[in-house]
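S.K.:
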Amino acid sequence: MTSPLPRSDFEKILDRYEQKKPFYLYTGRGPSSGSMHMGHRIPFMFTAWLQEVFDCPLVIQLTDDEKFLFKPAAKLEDNYKYGQENIKDIIACGVKLEKTFIFSDVDYVGLTLPTHSSSGAFYKNILRIAKSIPQSQSKAAFGFGEA
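In short: position in the sequence shown from 1, add 117, done, that's the numbering used here.
So this is what it looks like as structure tokens:
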């Protein structure tokens, strides 16, 4: 008998695992404070357990840029610092460091932009400009419609 529910991503992972095909786990965190409470930690503890069971790579994205853009009172430097502090809490959840890639959007996107600096300063300036321009003004200036 077939299930009326669509196949879950977990079933896809199990299929790949049984077929000995590679896969990785991907999760993230939008840092909003310097420490993570249990509600933040439990998903990372579960992810660390999955990584242990499946012996697979893990990618963790810190969306420090997103928190800055969408929280009116947020300061870019604070959100970046929160992310760096959160990395310690994430590691403490038991992830395998040798198979884990943790990155900050501010750091990583800043490094991939074609600039002369590896500090991410160009991307930080882009974020500051983006936050200072209302969405309606951006739509009008660049001709964006409703999508």
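No residue lacks a Cβ here, since even glycine has one placed at the ideal position from N, Cα and C.
Computed from a predicted model, the values in this text were never measured in an experiment.
#1: Who are the near neighbours of Phe261 in its chain, counting only those whose CB is closer than 8 Å to its CB and skipping five residues on each side?
#2: Just checking, does the segment 241-253 make contact with the segment 205-215 on the three C-beta pairs under 8 Å criterion?
#3: Determine whether the beta carbon atoms of Leu175 and Leu131 lie at a separation below 8 Å.
#4: Span of the alpha helix (DSSP H) holding Tyr240?
#5: My understanding is that Asn203 touches Pro139, with C-beta atoms under 8 Å, so please give their C-beta distance in whole angstroms.
#6: Quick one: measure Cβ to Cβ for Phe187 and Leu244, integer angstroms, because I've assumed they're closer than 8 Å.
#7: For Ile159, count the other beta carbons within 10 Å of its own beta carbon; 16 or more makes it buried, fewer makes it exposed. Which is it?
#8: Measure from the alpha carbon of Val223 to the alpha carbon of each residue in Phe171, His154, Ser150, Lys198, then state which is nearest.
#9: If distances are taken between C-alpha atoms only, which option among Thr217, Gly156, Ser150, Val170 comes closest to Thr180?
#10: To the nearest angstrom, how far is it from the Cα of Asn196 to the Cα of Arg133?
M.R.: Let's see:
#1: Ser255
#2: no
#3: no
#4: 238-249
#5: That pair is no contact at about 28 Å.
#6: 11 Å between Cβ atoms; not a contact.
#7: exposed
#8: Lys198
#9: Ser150
#10: 36 Å
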